[in-house]
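Chains as they are written, first to last, in the UniProt record's numbering: chain C, 1 to 282; chain R, 1 to 282.
Every residue, glycine too, gets a C-beta built ideally from N, C-alpha and C.
Structure first, commentary second.
There are 2 protein chains.
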Amino acid sequence: MNLEKRFRIEPGSSVDLSSFDAGFHGDYKNEADAAIDLQKHLHRISKLQRKLYADRGHALLVVLQGIDGAGKDGTCWHVISAMDPQGVEVRGFKQPTPEEKEHDFLWRVHAHAPQRGNVAIFNRSHYEDVLVVRVHELVPKDVWKPRYDFINEWERLLAVENNTTILKFFLYISKEEQLERFRLRLDDPDRQWKISESDYKEREKWDDYIKAFEAALSKCSTRRAPWYVIPSNHKWFRNLAVSQIIADALEDMRLETPKPAVDIEEIRRLYHQASKEENKRG
Amino acid sequence: MNLEKRFRIEPGSSVDLSSFDAGFHGDYKNEADAAIDLQKHLHRISKLQRKLYADRGHALLVVLQGIDGAGKDGTCWHVISAMDPQGVEVRGFKQPTPEEKEHDFLWRVHAHAPQRGNVAIFNRSHYEDVLVVRVHELVPKDVWKPRYDFINEWERLLAVENNTTILKFFLYISKEEQLERFRLRLDDPDRQWKISESDYKEREKWDDYIKAFEAALSKCSTRRAPWYVIPSNHKWFRNLAVSQIIADALEDMRLETPKPAVDIEEIRRLYHQASKEENKRG
């Protein structure tokens, strides 16, 4: 199944999340059924990311967004597990620092845009400035409203000027699934630290968040920087979908491993010569 | 004379530099005649920049561009001499480093955009990417052409999102004045190091540079980030004009020194109390 096409938000379309099924898992019956395809995609990512690093002509920016508990950390961990850390930066964007607050909202993300040859994964991103900021009215409407245009123009800059492929994933879980995940955390001593009272407070704003996500998905899915709505109730399907879309995007770059800068045959001859001489001495 | 209005390029107008007089010096007869006004403007800058730093609600970005020898360094030095270094960053943009080249052209300048409360002075800037880059065809036309729009949108971001006042000065000297300055450098042992063969090579491209400047001035003078063409054959007049425009812009911000966070009267009483007790002991 072409997941890329199926989950991509058509530029200019108006998104209504209630028409999406967060529990969708395609033709796969379960995790075991999807395991081979998942490994195939991870293997492609692994090979292609090394080629991206060698080629140095393209950059890849992956943006992960989703409501609390949607699995941003898990997806991050999963995707980079296939990559050579040398060419990847994972960057989380939390509440802005006092210094960051004294700049425009794109300043801190621009600094971490990937250079050509590299991958950057944003765990939360500039979209927080039209999500949590909008829901909690941290700035007035006449400040957050123009941000959609600024975002589109900035992403266009990365794409046009720096050959950056931009993939934005909205990890979509249902309200019931979120509660279930919070419950599991409560029972897991290793993950209790992730719980905060605000998680439960934020749930009260669920509908506002959905509205803010719908606006971002509708206004900021562009040909060069599309949004994907990934059904994420099933973690294994979420990982499969994200991996497939990333692998396909890397393939579309038609990366070339550069030719060696030296004459390989010449080097080979030198090695041969040296080993012959050593043999004589030995 | 309202130099701000006189030298500002009207947004949307088409600039023909041959109609500008690089030797213009207004109603002033000579340097001595302008000295008092110049000191007045520097004094205003000095006072207002400290207020800007305290107020923390506005930022100021000053961009200096001009052909070799036009006096960018001198203007820089002159303008910051009036400011408290704590709140000012002067940033020169030379040939991009290999790392910078692996990013979009606005990446390196965005990192140095001023935070609110501060002043940034760009000695050369993102405009080099539509000036020297265009003249020497360092990238193909279909790469530099879209940059004017990217520049306008980025400057709009700084203005709208971060309350940044942007003043862009094109220091305009005549071709004869440039030669004269190069000659003076040759005879000055302290400044001979500034001379390079490329200076004279670049002179051959004079007309191409003028054309590139005219394009940048025409396409990128906007209401929020205007270009000023400063007649710069006379250094003293150039300094006067730039200082006056900067001082006026700072004044237009209507800066407020914030109220002290403590009760000054209470502190005063405490000091008074303490000194009375010391007197008793003494």
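According to DSSP, simplified to helix, strand and coil, what is residue i?
i, result
"residue 267/C", "helix"
"residue 166/R", "strand"
"residue 143/R", "helix"
"residue 212/C", "helix"
"residue 123/C", "strand"
"residue 240/C", "helix"
"residue 262/C", "coil"
"residue 8/R", "strand"
"residue 220/R", "coil"
"residue 138/C", "coil"
"residue 132/R", "helix"
"residue 23/R", "coil"
"residue 234/R", "coil"
"residue 255/R", "coil"
"residue 185/R", "helix"
"residue 30/C", "coil"
"residue 16/R", "coil"
"residue 150/C", "helix"
"residue 191/C", "coil"
"residue 106/R", "coil"
"residue 159/R", "helix"
"residue 207/R", "helix"
"residue 82/C", "coil"
"residue 75/R", "helix"
"residue 247/R", "helix"
"residue 196/C", "coil"
"residue 41/R", "helix"
Give me the chain C residues within the contact set of residue i, using Cβ-Cβ distance strictly less than 7 Å, ordered along the chain.
i, result
"residue 110/R", "107, 110"
"residue 261/R", "Here the premise fails: no neighbours, minimum Cβ distance about 15 Å."
In or out: residue i buried (at least 16 other Cβ within 10 Å) or exposed?
i, result
"residue 193/R", "exposed"
"residue 233/C", "buried"
"residue 1/C", "exposed"
"residue 221/C", "buried"
"residue 260/R", "exposed"
"residue 29/R", "exposed"
"residue 65/R", "buried"
"residue 219/R", "buried"
"residue 84/C", "exposed"
"residue 184/C", "exposed"
"residue 212/R", "buried"
"residue 59/C", "buried"
"residue 191/R", "exposed"
"residue 279/C", "exposed"
"residue 168/R", "buried"
"residue 228/R", "buried"
"residue 269/R", "exposed"
"residue 197/R", "exposed"
Starting from residue i, find everything on chain R with Cβ-Cβ shorter than 9 Å and list it in chain order.
i, result
"residue 89/C", "None at all; the shortest Cβ gap to chain R is about 13 Å."
"residue 214/C", "Within chain R, no residue comes near residue 214/C; the closest Cβ sits about 23 Å away, beyond 9 Å."
Show which residues of chain R have a CB atom less than 7 Å away from the CB atom of residue i.
i, result
"residue 157/C", "104, 106, 150"
"residue 146/C", "160"
"residue 99/C", "115"
"residue 153/C", "153"
Since residue i meets chain R, which of its residues come closer than 8 Å, beta carbon to beta carbon?
i, result
"residue 117/C", "102"
Among all the DSSP beta bridges, which residues are the ones paired with residue i?
i, result
"residue 229/C", "170/C"
"residue 67/R", "Paired residues: none, contrary to the question."
"residue 92/R", "123/R"
"residue 60/C", "119/C, 165/C"
Could you pull out every residue in the same chain whose Cβ sits closer than 7 Å to the Cβ of residue i, ignoring the five residues on either side in sequence?
i, result
"residue 258/R", "54, 55"
"residue 239/R", "38, 75, 78"
"residue 92/C", "123, 124"
"residue 104/C", "none"
"residue 160/R", "none"
"residue 177/C", "22, 233"
"residue 57/R", "116, 163"
In chain C, what lies closer than 8 Å to residue i by C-beta?
i, result
"residue 113/R", "103, 104, 107"
I'd like the list of long-range same chain contacts for residue i, defined as Cβ closer than 6 Å, with 5 residues on each side in sequence excluded.
i, result
"residue 48/C", "250"
"residue 24/C", "231"
"residue 61/C", "114, 120, 164, 166"
"residue 26/C", "1"
I want to check one thing, is the minimum distance from the CB of residue i to the heavy atoms of the ligand COA below 8 Å?
i, result
"residue 171/R", "In the structure shown, the ligand COA is absent, as is every other ligand, since no ligand is present at all."
Between which residues of its own chain and residue i is the CB-CB distance below 8 Å, once the five residues before and five after are set aside?
i, result
"residue 72/C", "64, 65, 66, 123, 124, 171"
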